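> Below is the structure I would like to discuss, written out as C-alpha cells.
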Amino acid sequence: MRLGLVIDLDTCVGCHACATACKEWNTSSITAPLTDYEPYGKEPSGVWFNRVRHYEIGDYPNNKTINFPMSCMHCENAECVTVCPTGASYKRPEDGIVLIDQDKCMGCNYCSWACPYGARELDRVSGTMKKCTLCVDRIYDETLPEEERQPACVLACPAHARLFGDLDDPESVTSRAVRNRGGYPLMPELNYNPTNQYLPPRTRPAISTSDLPRGSLARKVKEWVNRVIER
Amino acid sequence: MSAVEHSHDQSNQEIKYSTCYMCACRCGIKVTIENNQVRFIQGNRNHPINKGVLCAKGSAGIMKQCSPARLRSPLLRKPGTERGAGEFVEISWEQALDMLTERLAHIRATDPNKFAFFTGRDQMQALSRLFAEQFGTLNWSAHGGFCSVNMAAAGLYTLGYAFWEFGDPDWDRTKYFMLWGVAEDHNSNPMKIGIEKLKSRGGKFVGINPARTGYQAVADEWVPIRPGTDAVLALSMIHVLLSRELFDWDFLIRYTNAPFLVVQTPGQKGDGLIYRDEAGHPLAWDLKREAFVNGLDAACHPALFGEHKTPDGRTVKTVMTLLAERYLDERFAPENAAKVCGIPASTIERLALEMAHVAFKETIEIAVEWTDWAGRKHDKFIGRPVSMHAMRGVSAHSNGFQAARAIHFLQILLGTIDCPGGFRAKAPYPRPVPSPGKPAKHSAPNTPLNAHPLGFPTAPEDLVVDDDGQPLRIDKAYSWEAPLANHGLMHMVITNAVNADPYPIDTLLFFMANMAWNSSMNTANIQDMLRAKRPDGEYKIPFLVVVDAFHSETVHFADLVLPDTTYLERYDAISLLDRPISEPDAVCDSIRHPLLALDRNVRPWQEVLVELGARLKLPVFTKPDGTPKYQGYKDFITYYEREPGIGFLAGYRGVDGSKSLRGEPNPEQWERYIENQGFFQYHLPKDIRYLRFANKGYLEFATEAGFLKSPEPIVIELYSEAIQKFRLAGLGLYDGPMPKERVDQERLATYFDPLPDYYEPLEQQRVDKTEYPFFAVNQRPMMMYHSWDSQNAWLRQIIAQNHLYMNRARGESLGFQDEDWVWVESHNGKIRVQLRLIEGCQEDTVWTWNAIGKQSGTWGLKPDAPEATQGFLMNHLISELLPEKAGERRITNSDPITGQAAWYDLRVKVTRAAPGEEGVWPTFANVPPLPGAAPKPDVLRYNTRAKA
Amino acid sequence: MNPSLAVIFLTLFSGAGFGLMAMVAVVNDFAIDGALSPLRTAILVALALLLVTMGMVSSTAHLANPKNAWRAFTRWRTSWLAREGVFAVLFYPLAIAYLGWVFFMNNDRDGVALLLGNVTALVGLVTIFCQGMIYACLRTIRQWHTPLVPANFYALGLAAGMTVLATSRLLAHRHDLAMVSIACSLLVAAAVMKAIYYFWIGAPSGTTLQTATGFTGGRVRLLDQGHTFGTFLTHEFSNCIGPRRALRFKIAVYVLGFLAPIAILLAAAHAAIGLAVLLAPLLAFIGIGLERYLFFVEAQHVVNLYHGRMPGPLPQMHPALRATAENKAPAGKRRLVPSYDER
C-alpha cells in the first residue's frame, strides 16, 4: 500500500484552506505543537506541514495563475529517511507514510537537506524536525466516521483539489485520477519516486458556435417578424 | 505500528455543531472541544452551505478564539482625556448600560433621529433593525451601502432576486459560468465547490476581472477588463446576441415585461411610463386579436416587437423594441465597446456566441410536471445552462447598479433565469419586482417607526426627504442624492454628522464596523472628524459607542466600548428574516450556540440589545406592565413573532416542533436546532424548484411561508418604470415631488435610465485621465475575505504586508522594477508603497490587497507588526465626496442611484520615489494598549492535548 | 545553504586534524626527513586530537536537540552522517592508544606504533570520506552531488594537516625542505582540485522552476510564496551569493588558503622568520574556512526553485530573497529569516 495525495492544479484556487486545516489538526496531534514564532509581532512565522505557493505561467495576456500546494510526497526513495543518522525518520512499510519519531530526533536538519520538496520544518522550540504525517492519527482512527478518516487538508479543501488514497491500488480514486488526467510527480529526474502526484490544468476544446444563425435583420428593429407565443 | 502514531486519546473530547462566523459565508462547522479548548474545527458534511469543506478562515477560528485582541470588559474613555488618545477605564456592565440607557431614553423622548445606529458585517440585522424601528430612529442601516448594494438593488429591481445570498448558479448543471468582478469573495465555499463541479463536468469558466488571482486563477478564460467598464462589455455582448436574433423569445414573452408597451412622448409628462389601462394593467399588443390587451393576461399573444399609436394618439413601443434599438446602436458594436473596456472585439463576439451556443444548443430538460402561474400544466423544465455571478468588482463603481442590471439583461435574454443550469433563486427570494415595502419616513418621540428604516422606493413620493426636499436621514439615503439607497450609506455617516448636514446627532453607535480605518474612505480625515469639536468644546459627534469583540482602530475612538463575544461563545440565529442561507433546492436557516465558556467580562451584543430594548421600554421588548418581555436573546428568538407563526427561526416550529416555516413558537426550538447540528432545511418539492417567479406551486408555497404577500406571478422587469419616474422628476416632468437643485435634476435625468446603459464613473468624469492614467482597485485575499481579524496568528503568517501590483510589461515600459518604492497619488491624496510587477494584472490597472494595513497597536498586534509598518491602505486615496465643482454642493462619491460607495472608481498616477525614500507612508501613531489587555506571547504553542 | 558556523568549524578543524594524523603516519612510515621524534609525534597526535575535538564539539552546536545526539550512530547502515559519527568516535581510542604508546614507550618507530599510527590515520581518512559523502550523496544540491566533494575534503584536510606539521618542524628550527615541499605540494594539489570544483559548479543545472512545477511550456514566475516572512526553509536554504562577491571570496581563498601559506613556508625554509611561520597554518585555516563558507552559500538546494530562485546567477531571483542573497540588510527592516540564535 502506498498512501498519498493527488493535487488537482485545475481547481486549486489557492485559498490556503488545506494549509490552515493541517496546521489546526496537527498543532494538537502526534507531533504537537506546531510552534509559531512572533505570532503577534514583527515577523510572524511558524511550523507548517503544507504550504501553498502561487506562480504565474506565461506572459500577459496569455498568463495563467497556478496555485501550488506542497507537502511531504511520501517518496518511495525517501532519502530523508536514508540520511537520518538517529533512526528518527522512518518510512512505514505497511503504507509508505514517512514519519519522524519526535523522541529520537536530534534536530540536525540533515533530512531537510535531503528533501527536494521542502516538506520538513524544524520546530525551534522542541528542537525536532516535523512534517506531514498524512494525518496518520485520523486515517486509521476507527472512532471517526469512515468518511472523515482522511487527512485534514483533504477534508477541508473547498475545491476538492486534494484526493487521498492508495496509489498502489489501480482502482483507488487517486490512481484513477492520475491515469485519467495525466498526473505527474515533481522533479522525477531526482529519482525520489514521490507518491504524491499533481494533475495538470485541464485543456478544453473550443466551443463551436458555427451552428448558430448568422446575422439577421439586425439594424431594422421595426422589421423584426414577431412570433405568436402565448403568454 | 508505533503506539505514538495512533494515540489519539479522545477521552476529553466533545463534538458540537455550530455555524462559522469567520466571514459572511456561514458554513456549518463541527467543532471538537478538548480540555475546554478548540481542538479542531471542520466543515459539517451535512450542512447545505459547505457540505463538509471549510476554508482557511474557518480552520483559523482557533486563533480568533485565543487572540489577544479580544476585548475583555466594558470601557469608558477616561474622563478628562481626549477622544482618540486611547485612554480608557474599565467599567461594569451595570454602569455601561445605565449610562447608555439614560442617554438613549432622553434622545428617544426628544428627537429619536439623534441616535444613529449603524452596523457592520453582522448577521443579526433583523434584530438590530427591529431595535432601531422600535426606538423610532430613521438612522439605521447595515454596511451594504459600502459593500454590494448595487448588486442587491439591481437584482431586486430587475429579477426579484440577486447574486450571492439571493441566488446561485445551478452548480450541478451549469455548463458555462461567467464570473464578473469577483476574485476571492462572498459565497466563499459554495463557489469553490461549484467551480470544481463545473470543471469536473467539462464546463467552461470565464472570469472577467482586471486581476488574475483566486478563482480567476482557475478560469478557463481570463478576460482582463478595465475596471468600471463591465456594462459596456455586457451590453456589447447583448448587441451581438440581438444582431443574430439569439434570445429566448418564449422566456421574454412569458416572464418579462419585454412585450409591455411604453409611452413615447419625449418632453411630456408620462413619457417613458408603461402604457396602462384604467385598472392600471400594463398593456401589450396582441398579435391574434390585433388590439391592446392586458399584458398580464395569460391568454394573450403579445408582440415582442412593435410600435403602435394609442387611441389618444400617443406613440407606444414595446420594451423589447426600445431595448433592441438601444443596444443595436453602433456604440455597443464590439469594435466600439473594445475601445472602452479593453477587450478585443473578437473576444466579445466569441464569448456572446459561446453562451448562446450553450444556452440554445446544449439545452437540458428536467422531466417534472409543474403548473405555471396561470394554471397551465407543463411536463418539463427547460434549462439553458449558462450562469453568472458578480459582486464587488461590478458593485463598487458609481455605475455599478446599471452594470449589474446589464449583466442580468444578458442572463434574461439567454433565458437562464431560475431554470435548470442557470442562475437560480434562493428562498425567500424571488420577491416581487421591485420588492414591496417602502422606507420609513416619519420619526416621532417615544414612538416606533411605522415601517422598516430601509425599503424599496418605486417613485419620488417614497423618498425620505422633508417638504423642502432635504434629507431626513443622517446618511442622506433615499434623498435625491441616492434615491434607491436600499442599504443606506454608512460610509457617509461620520462626514455628514460632523458637518451637521442635514443635522447634528447626539449618539452614534457602530457595531462591528471599522469606520475609523479600512471601512471608511479617506481614513485619515475620518479620524480627524471623529476628534473634531464644536466651538463650545463639545465633540461634533458628542457620544460614540463602539460594539465589537476585538480591539479595532474604531474602538480606539469610542467614548463607550461594549465588548462582544466571539462566535463560539453565544447564541445566534441566522434567520430567513435577515440575510438568508438558503440553497436553491431548500429553505434553510441556522443557529450558533455557546460551545465555550466565557472567560472575560463580555456579553453577546444581541443579549445587550434585548436588554436595552426592555430598559428603554420599547414596545416589542416590554410587557404592558413595563417589565421585560423576554429573558434574553434566546427567549426572544423563541417567542418573538413578526406575524402569527413567523419568527426568526423557521424550523421546528409549533408547540411540538413539528411545523416548518410557519407555526406557533416552540419552547424547545433551540434544543431541536442543536440536536439537528445547528441548522434547518426544508427541501422544496421537485416541481417548485425552478421558474419560481411564475411557478404556481412555488408562489402558493411562498405565500404560505410568509415570503410573499400573495401568489401573484413575478414579472421580470427589463424596463424599469420606477427608475423612469425618477428620471421624469429630474426632467421636471413628474406629477409629484421633484428636486429643486440643478445637480440633482441632472443626475436623475442622466443616470436614471430605465434601460441600463454605460456611463463613465462619476469621479473619473472629474479627474484628468492623462494625469492619473491608472485605475486603482483593491481586493481582499481569500484567506481573509470578510474576516475582520487579520490579527489572526495563522492567517497573518500567510500575508502580513501588501504591495501595489502592476502589469509587468506596462511597469517595465515606465522604467519600474520589482520592489521599487513608488508614490501613488490621486486627486485626494498620496501614499508611498512598494511595487510588484506581475502578469495577472490588466495593463491600465494597479491593485492591492485591502485591509492588510493596520494602525500600530490595534488588533492585538505589537507596535512593530508589519501590518502597521509595512502594510498600507488605499483608502487614503479615495474620497467619500466627489471632487468639488463650482456652484455645486459636495456630493457623495457613490452610485447616483443606490448610494453604493464607489471605492473602485479611483484613478491614480504612480511615480518612483526619490532615492532614499523608502517605507510606507503615511503611518499612524501607535495606539496604547487597553486596560487589562491580554499579553502577546513571543512564541505560541497551541496544543489542546498539553496539560495546562 | 545556510553557512552554519558549527558545521564550517566541524569540517574545517576535524578535516585538518584527520589530515594531520594521516601525515604524521606517512612521515613516520617513510621516515621522511628522518621521521619525527616520539615526543613530537605525541605532540602532533595530541594536536590532531585537539583539532578533531574542536570540530566535534562545535558540531553539536548545530543540533537543535543535542540530548538525542547519542542516537546519531544508529543508522550507520544507510546514513553517511551516522558513519561519520561512528568513525570519528572510533578514531578516539585508536588515537589515544597510539598517543599513549608513543608517549609511554617513547618509541614511534616500533611495529606497534606503526600499526597503531596507520590504523588511526586510516580511520581518520575514512571519517573525512564520510564527511565528504554527507554532502556528496545529496541529489537535492547539485553543487555538492559530486565526487569532487570528498576529493576536496581530502585535499584540503591533508594540506591543512601537513601545513601544521611542516610549521611545527620549522618552529623547531628544522629548515628542511622535504616537509615544506610536501606541504606546498599538497596545498598546490588542493588549490587545483578546488579550481576544478569551481569550474564544475559553474555549469548550468537541468532542473528549473519549469521542470520543478511541471509547467515547461512557458515562463514560470513566482507570484507569492505564500508567507510574508521567512520560514525554516528560507532560513536553511535561501542563502546564496552574487557572482562578483563570490569571486572576491575565491580570490581570498586562494591568497589566504594557498598562496600565502606556501610563501611563508618557503620563506621559513630559507630564512629564520621566527614565530611568523605560525601565520602559515593560521592563514591556511582562514582561507579554508572561507572556502567552506563558499561551499555552503554557493550550494543551491532545489527547494529554492519553488521560492522563485532560478538556477545560475542572481537576477532571476524573487525580490524577497534577493536581499538575503546579496548579504546586505534589506532596506533596514526586513530580515527575511528569523534568527535561530535568538532561540
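The listed protein sequences derive, respectively, from chains A, B and C. Counting along the first sequence from 1, when you hit position 162 you're at 162 in our numbering, and nothing is skipped either side. So the number in our numbering is just where the residue sits in the second sequence, counting from 1, plus 231. So the number in our numbering is just where the residue sits in the third sequence, counting from 1, plus 1179. Ideal placement from N, C-alpha and C gives every residue a C-beta, glycine not left out. The structure presented is a predicted model; accordingly, all values stated were derived computationally and were not measured.
Assign B:Gly1102 to buried or exposed, taking buried as 16 or more other Cβ atoms, counted over all protein chains shown, within 10 Å of its Cβ.
Result: buried.
> Just how far apart, CA to CA, sit B:Tyr407 and B:Lys860?
Whole-angstrom Cα-Cα distance: 52 Å.
> Let me see if you follow: with CB-CB separation under 7 Å, is A:Ile57 close to chain C or not?
True, the Cβ-Cβ gap to chain C drops below 7 Å.
> Measure the CB-CB distance between B:Met382 and B:Ala393 and report whether it falls below 7 Å.
Cβ atoms of B:Met382 and B:Ala393: closer than 7 Å.
> In chain order, what residues of the same chain lie with their CB nearer than 7 Å to the CB of B:Ala384, ignoring the 5 residues before and after it?
These residues qualify, in order along the chain: Phe632, Leu715, Asn717, Thr1129.
> Three-state secondary structure (DSSP) at B:Arg289?
Per the sequence presented here, residue 289 of chain B reads as Gly, with Arg not at that position. Helix, per DSSP.
> Would you identify the three-state DSSP class for B:Thr797, choosing helix, strand or coil?
Residue state, collapsed to three classes: coil.
> Note down, in chain order, every chain B residue with its Cβ under 9 Å from the Cβ of A:Pro93.
Those within 9 Å of A:Pro93 in chain B number zero; the least Cβ separation is about 10 Å.
> Determine, using beta carbons only, whether B:Gln1028 comes closer than 7 Å to chain A.
By this cut-off, B:Gln1028 is an interface position.
> Using beta-carbon positions only, say whether B:Ala1031 and A:Pro185 come within less than 7 Å of one another.
No. Outside cutoff.
> Interface residues of chain C around B:Ala442 at Cβ under 9 Å?
Correct list: empty, because the minimum Cβ distance to chain C is about 11 Å.
> Inspect the CB distances between the region 83 to 90 of chain A and the region 1252 to 1270 of chain C and report whether three or more fall short of 8 Å.
The region 83 to 90 of chain A, when compared against the region 1252 to 1270 of chain C, does touch it at the 8 Å Cβ threshold.
> Taking Cβ-Cβ distances shorter than 9 Å, what residues in chain C pair up with A:Ser71?
Result: empty, since nearest Cβ-Cβ is about 12 Å, beyond 9 Å.
> Check the DSSP bridge columns for B:Glu349 and list the partner residues they point to.
For clarity, residue 349 of chain B is Phe in the given sequence; the question names Glu instead. B:Phe349 pairs with B:Ser372, B:Phe741.
> Is B:Ala234 buried or exposed, if buried means 16 or more other CB atoms sit within 10 Å of its CB?
Low per-residue confidence applies at B:Ala234: pLDDT is 42, beneath 50, and the placement is therefore not dependable, though the value from the model is reported in the following sentence. That one is exposed.
> In chain C, which residues lie less than 7 Å from B:Ile338 when you measure between Cβ atoms?
The premise fails here: B:Ile338 is roughly 46 Å from chain C at the closest Cβ pair, so nothing lies under 7 Å.
> In this structure, how does DSSP classify A:Pro33 when only helix, strand and coil are distinguished?
Coil at A:Pro33, not helix or strand.
> Distance check for B:Ala637 and B:Leu492, CA to CA, integer angstroms please.
Cα to Cα, B:Leu492 sits roughly 20 Å from B:Ala637.
> Which of the three DSSP states, helix, strand or coil, is assigned to B:Glu1149?
Coil.
> Which chain A residues sit within Cβ distance under 8 Å of C:Asn1244?
Result: Cys105, Met106, Gly107, Ser126, Gly127, Thr128.
> Taking only three categories from DSSP, how would you classify B:Trp1019?
Coil at B:Trp1019, not helix or strand.
> For C:Ala1274 and C:Ala1368, I'd like the C-alpha separation in whole angstroms.
When rounded, the distance between both Cα atoms is 27 Å.
> What first and last residue would you give for the beta strand (DSSP E) that runs through B:Arg308?
Run containing B:Arg308: 306 to 308, per the beta strand (DSSP E) assignment.
> May I have the straight-line CA-CA distance separating B:Ala327 from B:Arg834, to the nearest angstrom?
Approximately 12 Å, taken between the alpha carbons.
> Considering Cα atoms alone, identify which of B:Glu538, B:Gly511, B:Gly501 is closest to B:Asp517.
The shortest Cα separation from B:Asp517 among B:Glu538, B:Gly511, B:Gly501 belongs to B:Glu538.
> According to DSSP, is B:Glu593 helix, strand or coil?
Reduced to three states, the DSSP call for B:Glu593 is coil.
> How do the region 1436 to 1447 of chain C and the region 1135 to 1147 of chain B stand: do at least 3 beta-carbon pairs fall below 8 Å, yes or no?
Counting Cβ pairs under 8 Å, fewer than three are found: no touch.
> How many angstroms separate the CA atom of A:Glu146 from the CA atom of A:Cys75?
The alpha-carbon atoms of A:Glu146 and A:Cys75 are separated by roughly 26 Å.
> Buried or exposed for B:Ser220, please, with buried defined as at least 16 other CB atoms from any protein chain shown within 10 angstroms of its CB.
Chain B is shown from 232 up to 1179; residue 220 of chain B falls before or after that span and cannot be answered.
> So B:Leu851 contacts chain A; which residues on that side make the cut at Cβ distance below 8 Å?
Sequence inspection shows Val at residue 851 of chain B; the Leu mentioned does not correspond to that position. The premise fails here: B:Val851 is roughly 39 Å from chain A at the closest Cβ pair, so nothing lies under 8 Å.
> For the region 497 to 557 of chain B, list the beta strand (DSSP E) runs that are entirely contained and at least 3 residues long, ordered along the chain.
For the region 497 to 557 of chain B, whole beta strand (DSSP E) runs of length 3 or above, ordered along the chain, are 514 to 517, 522 to 525, 538 to 540, 546 to 549.
> So who's on the other strand from A:Ala161, going by DSSP bridges?
DSSP, once it has assigned bridges, lists no residue as partnering A:Ala161.
> Using a Cβ cut-off of 7 Å, which residues of the region 1030 to 1055 of chain B contact any Cβ in chain C, in chain order?
From the region 1030 to 1055 of chain B, only Ile1030, Ala1031, Gln1032, Asp1049, Glu1050 have a Cβ closer than 7 Å to chain C.
> Could you name the residues of chain B that C:His1406 contacts, counting a contact when the two beta carbons are closer than 7 Å?
Those within 7 Å of C:His1406 in chain B are Gln1028, Ile1029.
> Ignoring anything shorter than 3 residues, give me the beta strand (DSSP E) runs that lie fully in the region 844 to 918 of chain B, in order along the chain.
Runs found: 910 to 914.
> In the DSSP assignment, find the alpha helix (DSSP H) that holds C:Phe1428 and state where it starts and stops.
C:Phe1428 -> alpha helix (DSSP H) spans 1422 to 1431.
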